[in-house]
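Written out below as structure tokens is the structure these notes cover.
2 protein chains.
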Amino acid sequence: MAEQFVGEKNLNFLLYEVFKVEDLLQYPRYADHSREEFDMISDMAMKMGKNLFKPCLSEMDKIQPEYVGGKVKVHPAVKTIMKECGEGGWISALAPVELGGQQLPHTINFIPMLIFAATNYSASVYPMLTSGAAHLIESFGTKEQIDHYIPKMFAGLWQGTMALTEPQAGSSLADISTIAVPAGDGYYNIRGQKLFISAGDHDGVENVVHLALARIKDAPAGVKGISLFIVPKYRAGENGKLVFNDVNCAGIYHKLGYRGAPITQLSFGENDDCRGYLIAQPGKGLFAMFQMMNAARIEVGLGAAAIASAAYYAALEYTRERPQGRPITAKDPTTPQIPIIEHADIKRMLLFQRAVVEGSLSLLMQCSLYSDMELVTEGEEKERYNLLLEILTPVAKSYPSEMGILAVSQGLQCLGGYGYCDEFPLEQFYRDVRIHPIHEGTTGIQGMDLLGRKVTMQKGKAFNYFLEELNKTILAATEDSELTPLARELVGAVENLKKVTSHLIGIALKGSPDLFLADATLYLEAFSIIGIAWQWLKQGLSVREAVKKGIKPNEQNFYEGKLYTMRYFFGYELPKIGGLFKRLMKADGLTVAMKSEYFQDNA
Amino acid sequence: MAEQFVGEKNLNFLLYEVFKVEDLLQYPRYADHSREEFDMISDMAMKMGKNLFKPCLSEMDKIQPEYVGGKVKVHPAVKTIMKECGEGGWISALAPVELGGQQLPHTINFIPMLIFAATNYSASVYPMLTSGAAHLIESFGTKEQIDHYIPKMFAGLWQGTMALTEPQAGSSLADISTIAVPAGDGYYNIRGQKLFISAGDHDGVENVVHLALARIKDAPAGVKGISLFIVPKYRAGENGKLVFNDVNCAGIYHKLGYRGAPITQLSFGENDDCRGYLIAQPGKGLFAMFQMMNAARIEVGLGAAAIASAAYYAALEYTRERPQGRPITAKDPTTPQIPIIEHADIKRMLLFQRAVVEGSLSLLMQCSLYSDMELVTEGEEKERYNLLLEILTPVAKSYPSEMGILAVSQGLQCLGGYGYCDEFPLEQFYRDVRIHPIHEGTTGIQGMDLLGRKVTMQKGKAFNYFLEELNKTILAATEDSELTPLARELVGAVENLKKVTSHLIGIALKGSPDLFLADATLYLEAFSIIGIAWQWLKQGLSVREAVKKGIKPNEQNFYEGKLYTMRYFFGYELPKIGGLFKRLMKADGLTVAMKSEYFQDNA
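If you're matching them up, the sequences are chains A and B in order.
Numbering that gives the first Met the number 0 numbers the first residue of the first sequence as 0 and each following residue consecutively.
Numbering that gives the first Met the number 0 numbers the first residue of the second sequence as 0 and each following residue consecutively.
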């Protein structure tokens, strides 16, 4: 198993040089924090990652959750991890001080989340989901609800979940049919089935708190009829004691990867005794849930980048140690072999991985910073951060997810036959990372969200803010002669993005929404590449700044490597938009016109 | 489990309409065959696939080979499969009649190979390797060797293998160090270790016959010192009885996929009693082995395309049955949901899979036809087919392997969360198909083979033959108004390929072989896309021909679908060469200049 899993120098570079997170300390919300505290948090998270999460990475994959007698048994480490995450304040980190949280900026909380996911993605999901669910109760719950659920969840004693998917409602949430019948006494009787619920039941906690979407009896069809409920596995009984709430686990799925977390099928109200507690207004369930879902989408991107990071370092370690072949210019077979990292094609594969990992991390941290800024600003400024976050969420979810798969695959490839064997961690990473384009909205859904909703929202306001952000970076880069050629490349890319966007919106305005959205996935891909190029140029600017200020000799390799990786991205990845834009500009409705029966071929 | 795994109509279309395999019957070698016999072979292969290979696909994945007491225990189905493949003549199909074979054209033998691999790739490897090894003995062995080994191998009683890789010699075969000491009595004493040997030992056969590379004592370093030996697990003893030949299995690997076949570590001559029998001339071992290796490379491509085919049909079946969502133009939530195959993005994913699968199969069958034509022609014509096969082998190996991964991944994506679960076969296909860019020469090695050897060989003769073949297709297509726009696209692509190739060769001539080959993998990718576009245009021509001749009503969907898939390839896949060529034209040596220490980031 490789030693390294994240680049600590890189994280500090992003935090303090690219995103200047210390600037947040000027706002009252964050004024009690300090750089020293942030450093301490990073150190503690590294210790947690190394000592708690990483040691059971492979074992949690091999000894999978078991469904026995209606209950789910998980690896014993889960209980310890939840407890330590509770006691260490990792679940409550983002919450306000008055609720027992640390009021930590998202940008700082990013570090433990990344480290936990990079050392053991499956394990990291338990506390992460709990934190997200608690945050939703915090935002929309009554004081009673907050008092009842949040302390237990923050302590890691109760698990939180998102319970959305149903047999007939996966991507199509409008079709949710779990029913909630008002019982008069402040609760609803819930009845329905939920599928694919992560950590939906397990013996590592005392209780499971589902944030579940359901439809109040007689509510209108579609999304307008969906409400949000707290549905605990055990509810508070009359004397305050917990009683079983008729939340049954009907089974778990056996999966390609991500095996350390049980993905469950749940059945609410089999015996008509499942109580749900309304949270947020009736009919506003999906709106409220989007708070947790948006955060979860960013977390999925982070999880993918984290696994790709661990895979990159494992590949890096191997390629440095594995001798094979000789330089192309020196083929004498009697000379010693060289480490494979010296071959150009291996360096290309490593640069690809690094470009994906560090580009993704930069974009994700950018999103975290927008979240923080949204919390401490008002009016137009607040709206600006909110819209930037809205438009970047599908990108931050899907780019790391899709490209993380390819990055891990290249990491596996660096190890040749060994990469395919389970004595190295790559094969597990390869399986684990494949979940990310699926859960929390598939890549297809993200593409439609970006093009069909985010780009056009408020007459393109979010899109224009995004372009403004890009222009700021481009402008700064054109003042640096070394970065100017890359800035020009990005200008060209942005011009094409605007052209393609207008072209597609023109199609929508002509009344062809199906043609407009047919290639939304390709649009998302091109948009994302440009977004990541922007982040690389931003990092390039920070490198040049650091070099001007003077760097230490031992930092030389890091900064040189950064510039090479940036150039790699512009040289190898950015040109991919050409083919995508070519396609998008001559969208001829091929996939719309293709009839499903044309796939019939058994004539 | 999905019913369909290959497209029978498509295979007949390729065989009889695109490649007009019946034309082979005019040559004496194939004159005893007939269309009726070919159809019978296809039918029998389908039965074998359905009844023998497919039923144990999942079980061979779950109940993996075990290494117990120095022996390898495989699934009991292996023994049956080897026996039935022997008795049915599937192992000997290509061999001359006088050796007990059927002298079948490669183009026809393609069908059972595809069907077996599509129904159970791991299981298909046992007979396939045996056939390849027997063929090598047939080509280079003495009459005695042929008589001793081939009947048992053809009968499926003895397993054949390729034993190349060693701990220090994977991609770098020049470093092979297994030693062969002449013992005078017609044999050599062999000593050394072999790694990653597929089916290198198992209890489904009576004996294992290794075709092993080794170095005769005092042979020169490098490839010139490598010779080829038959190293059986049990050798013929004095009274004709088999005696143990000191070939020891030291262990097996546990792998991501391809689990039904044991990948072994072998140790030759631990007790100084391992005899090897020289085959082909001393020092010509690698040359001889390349016969088996080239065939194996095509078979790897075929294996990848086969798995991608099975995955495509599984995805197709699911998307037809799974209701979810509504048309973009009709969002009323009270209307019934539609099967997801009706969504444009799902059709795009299916078209991608079909384009990869049927494009790959077409190129692979093209290679089979070149093999057949090489066997029945002489002089310049023979050389032409040989060179076409040489230049297309790296493409036929790597395009299906690399794109097969993406195709299976899109298939998995079509199933959403279910694709990630093991109740559907996609997750196994996803694991199985990942081996292909690794074994029989990684994609990186294929790129160097194509650009560094095949394109430049005989002053570009192979490359020019390839261009001539493309031009023939383009010329024919420009006579059809519907195909003309696509033909023009391909002309442009070919012009760019020529330009890029000259540019790169210019770099080589300037004495920078490292810069010349730095992006050989990208060159391979672009070259392959053009090669597949050529095959799609060729298929398009055959469709137009068929339509002109008149097709049956029940064939309408197949031919329409073909044209759509061709247009998909030209619209979505061919444009990808733009970004690749852009990169290749401004090759600035980024990956050569990147120093390995720049990956150091823990300052």
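Where a beta carbon is used, it is the ideal one built from N, C-alpha and C, also for glycine.
Owing to the predicted nature of the structure, the values given are computational and were not obtained by experimental measurement.
Quiz prompt | Backbone CA spacing between residue 450 of chain B and residue 467 of chain A [nearest angstrom] | solution = For the purposes of this step, residue 450 of chain B is identified with residue 451 of the second sequence, where counting begins at 1. For the purposes of this step, residue 467 of chain A is identified with residue 468 of the first sequence, where counting begins at 1. Rounded to whole angstroms, residue 450 of chain B to residue 467 of chain A spans 43 Å at the Cα level.
Quiz item: Closest by CA to residue 518 of chain B, which one among B:569, B:457, B:474 and B:443?
Solution: Here residue 518 of chain B refers to the residue found at position 519 of the second sequence. Minimum Cα distance to residue 518 of chain B is reached at B:443.
Self-check item: First and last residue of the uninterrupted beta strand (DSSP E) at residue 247 of chain B
Solution: The residue given as residue 247 of chain B occupies position 248 in the second sequence. Element bounds for residue 247 of chain B: 246-251.
Quiz item: Which residues, in chain order, does the segment 217-229 of chain B contribute to contact with chain A at a C-beta distance below 9 Å?
Solution: In summary, the residues of the segment 217-229 of chain B whose CB is separated from some CB of chain A by less than 9 Å are 219, 220, 221, 222, 223 and 224, in the order they occur in the chain.
Practice problem: Using a threshold of 8 Å, state whether the C-beta atoms of residue 225 of chain B and residue 212 of chain B are closer than that. | Solution: Residue 225 of chain B sits at position 226 when you count from the first residue of the second sequence. Residue 212 of chain B sits at position 213 when you count from the first residue of the second sequence. Result yes, Cβ atoms of residue 225 of chain B and residue 212 of chain B sit closer than 8 Å.
Exercise. Give a yes or no on whether the minimum CB-CB distance between residue 347 of chain B and chain A is below 8 Å.
Key: Position 348 of the second sequence, counted from the first residue, corresponds to residue 347 of chain B. So, interface residue.
Exercise. Would you list, in chain order, the members of the segment 591-602 of chain A that have their beta-carbon closer than 7 Å to a beta-carbon of chain D?
Key: Absent here is chain D; the protein component of the structure consists of chains A and B.
Exercise. Would you mind working out which of B:516, B:326 and B:120 sits nearest residue 445 of chain B, comparing C-alpha positions?
Key: Along the second sequence, one-based indexing puts residue 445 of chain B at 446. The shortest C-alpha separation from residue 445 of chain B is found at B:516.
Quiz item: Who are the near neighbours of residue 263 of chain B in its chain, counting only those whose CB is closer than 6 Å to its CB and skipping five residues on each side?
Solution: For the purposes of this step, residue 263 of chain B is taken as residue 264 along the second sequence, with counting starting at 1. Cβ within range, chain order: 196, 199, 200, 248 and 251.
Quiz item: Taking Cβ to Cβ, would you say residue 324 of chain B is nearer than 8 Å to residue 170 of chain A?
Solution: Here residue 324 of chain B is taken as the residue at index 325 of the second sequence, counted from 1. Here residue 170 of chain A is taken as the residue at index 171 of the first sequence, counted from 1. Result yes, Cβ atoms of residue 324 of chain B and residue 170 of chain A sit closer than 8 Å.
Practice problem: Could you give the DSSP three-state label for residue 286 of chain B: helix, strand or coil? | Solution: In the second sequence, the residue the question calls residue 286 of chain B occupies position 287. It is helical.
Exercise. Report the neighbours of residue 560 of chain A on chain B: residues whose CB is nearer than 9 Å to its CB, in chain order.
Key: If you number the first sequence from 1, residue 560 of chain A lands on position 561. By Cβ distance, chain B contributes 593, 594, 596, 597, 598, 599 and 600.
Quiz item: Is the beta carbon of residue 559 of chain A within less than 7 Å of some heavy atom of the ligand PLP?
Solution: With respect to the ligand PLP, the structure offers nothing, as it holds no ligand at all.
Quiz item: Excluding sequence positions up to five away, which residues of its chain have a Cβ less than 6 Å from the Cβ of residue 483 of chain B?
Solution: The count along the second sequence starts at 1 and reaches residue 483 of chain B at position 484. Here the set comprises 477.
Exercise. Using 10 angstroms around the beta-carbon of residue 75 of chain B, count the other beta-carbons present and answer buried if the total reaches 16, otherwise exposed.
Key: Position 76 of the second sequence, counting from 1, holds the residue named residue 75 of chain B. Residue 75 of chain B comes out exposed.
Quiz item: What residues in its chain sit with their C-beta under 7 Å from that of residue 373 of chain A, if we drop five residues either side in the sequence?
Solution: Counting from 1 along the first sequence, the entry for residue 373 of chain A is found at position 374. 381, 384, 385 and 388, listed in sequence order.
Quiz prompt | Proximal residues to residue 312 of chain A (C-beta, below 6 Å), its chain only, five neighbours per side dropped | solution = For the purposes of this step, residue 312 of chain A is taken as the residue at position 313 of the first sequence. Hits under 6 Å: 1, 3 and 4.
Self-check item: Neighbour list for residue 484 of chain B in chain A, Cβ cutoff strictly below 8 Å
Solution: For the purposes of this step, residue 484 of chain B is taken as the residue at position 485 of the second sequence. Within chain A, no residue comes near residue 484 of chain B; the closest Cβ sits about 11 Å away, beyond 8 Å.
Quiz prompt | Contacting positions in the segment 253-280 of chain B - beta carbon closer than 9 Å to chain A | solution = If the cut-off is 9 Å between Cβ atoms, the segment 253-280 of chain B has 253, 254, 255, 256, 257 and 262 near chain A.
Quiz item: Which residues in the same chain as residue 417 of chain B place their Cβ atom closer than 7 Å to its Cβ, once the five residues preceding and following it in sequence are excluded?
Solution: As a position in the second sequence, residue 417 of chain B is number 418, starting the count at 1. These residues qualify, in order along the chain: 423.
Quiz item: What residues from the segment 402-432 of chain A come within 8 Å of chain B, judged by C-beta to C-beta, listed N to C?
Solution: For the segment 402-432 of chain A, the beta-carbon criterion of a distance under 8 Å to any beta-carbon of chain B is satisfied by 404, 408, 411, 412, 415, 416, 418, 419, 420, 421, 422, 426, 429 and 430.
Self-check item: Rounded straight-line distance, which links the Cα of residue 289 of chain A to that of residue 371 of chain A
Solution: One-based indexing of the first sequence puts residue 371 of chain A at position 372. One-based indexing of the first sequence puts residue 289 of chain A at position 290. The alpha-carbon atoms of residue 371 of chain A and residue 289 of chain A are separated by roughly 18 Å.
Quiz item: Unbroken alpha helix (DSSP H) runs of length 4 or more, entirely within the segment 60-86 of chain B: which are they?
Solution: DSSP runs (the alpha helix (DSSP H)) wholly in the segment 60-86 of chain B: 76-86.
Practice problem: Over the uninterrupted beta strand (DSSP E) stretch that includes residue 533 of chain A, give me the two end residues. | Solution: The residue you call residue 533 of chain A lines up with position 534 of the first sequence. From DSSP, residue 533 of chain A is part of no beta strand (DSSP E) but of the alpha helix (DSSP H) over 519-548.
Quiz item: Under 8 Å Cβ-Cβ, which residues of chain B neighbour residue 177 of chain A?
Solution: To locate residue 177 of chain A, count along the first sequence from 1; it is residue 178. Near residue 177 of chain A there are no residues of chain B at all, since even the closest Cβ is about 15 Å away, more than 8 Å.
Quiz prompt | Candidates A:597, A:364, A:181 and A:353: closest to residue 557 of chain A by CA position | solution = As a position in the first sequence, residue 557 of chain A is number 558, starting the count at 1. Answer by Cα proximity: A:353.
Exercise. Kindly indicate which residue of B:165, B:156 and B:430 has the alpha-carbon position closest to the one of residue 174 of chain B.
Key: Within the second sequence, the letter at position 175 stands for residue 174 of chain B. When only C-alpha atoms are compared, the closest one is B:165.
Self-check item: Residues that residue 66 of chain B contacts on chain A, provided the C-beta gap is smaller than 8 Å
Solution: Here the question's residue 66 of chain B lines up with position 67 in the second sequence. Neighbours of residue 66 of chain B on chain A: none; closest Cβ ~13 Å, over 8 Å.
Quiz item: Measuring CA to CA, which of A:319, A:151 and A:500 is closest to residue 337 of chain A?
Solution: As a first step, residue 337 of chain A is located in the first sequence; it is residue number 338 there, counting from the start. Here the closest residue by C-alpha is A:319.
Quiz item: If you check the beta carbons only, do residue 358 of chain B and residue 569 of chain B fall under 8 Å apart?
Solution: Here residue 358 of chain B corresponds to residue number 359 of the second sequence, with the count starting at 1. Here residue 569 of chain B corresponds to residue number 570 of the second sequence, with the count starting at 1. Contact: no.
Self-check item: Contained alpha helix (DSSP H) runs [length at least 4] in the segment 74-158 of chain B, N- to C-terminal order
Solution: 76-86, 105-118, 120-139 and 142-153
Quiz item: Once you ignore the five residues that flank residue 144 of chain B on each side, which residues in its own chain have a CB closer than 8 Å to its CB?
Solution: Taking the second sequence and counting its residues from 1, the one referred to as residue 144 of chain B is at position 145. The residues are 136, 229, 276 and 278.
Practice problem: Compare the C-beta of residue 116 of chain B against all C-beta atoms of chain A and say whether one is closer than 8 Å. | Solution: Mapped onto the second sequence, residue 116 of chain B falls at position 117. No, its Cβ sits nowhere closer than 8 Å to a Cβ of chain A.
Practice problem: Could you tell me which chain B residues have their CB closer than 8 Å to the CB of residue 294 of chain A, listed as they occur along the chain? | Solution: Position 295 of the first sequence, counting from 1, holds the residue named residue 294 of chain A. Here the premise fails: no neighbours, minimum Cβ distance about 20 Å.
Practice problem: Measuring only between beta-carbons, confirm whether residue 352 of chain A sits less than 8 Å from chain B. | Solution: In the first sequence, counting from the first residue as 1, residue 352 of chain A sits at position 353. Output row for residue 352 of chain A: interface = no.
Quiz item: Is residue 266 of chain A helix, strand or coil by DSSP?
Solution: The residue you call residue 266 of chain A lines up with position 267 of the first sequence. In the structure shown, residue 266 of chain A sits in a strand (DSSP, three-state: E or B).
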